[in-house]
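Working notes, beginning with the structure itself.
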Amino acid sequence: MEQLIRNVDRRVAGIEQILPTLATKVDLERFATKADLEPLGTKVELKELRREMYEEGKRTRSYFDVVAEGLNDQIRLVGEGLAHVMAKLDNRG
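The numbering used here numbers the first residue of the sequence shown as 1039 and each following residue consecutively.
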């Protein structure tokens, strides 16, 4: 019986050493709960969002290419008009 009490004492002493290092309920309150994480996206939702963003990027680049091509045409026309005006001025002088 005495040996059993010593074993229990030894175990309790070990527990007393570990106990102060364990987190308490108050310590854990600052961490996110399941409810806090619920509004955040899942991996599947994030993957879908990435796909949508990629597709939107492709559409935007395509649209930009069309706009840039139109601007190039307009700039070319302005350049041709300016060259025509400059030629007329050179012929006058």
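Think of the CB as a built atom: it goes at the ideal place given N, C-alpha and C, for glycine as much as any other residue.
Values in this document were obtained by computation on a predicted structure and should not be read as measured data.
Ala1121 and Ile1113 have their alpha carbons spaced roughly 12 angstroms apart. The C-beta distance from Gly1079 to Leu1066 rounds to 24 angstroms, too long to fall under 8 angstroms, and the pair is not in contact. Annotated three-state conformation of Ala1061 is coil, per DSSP.
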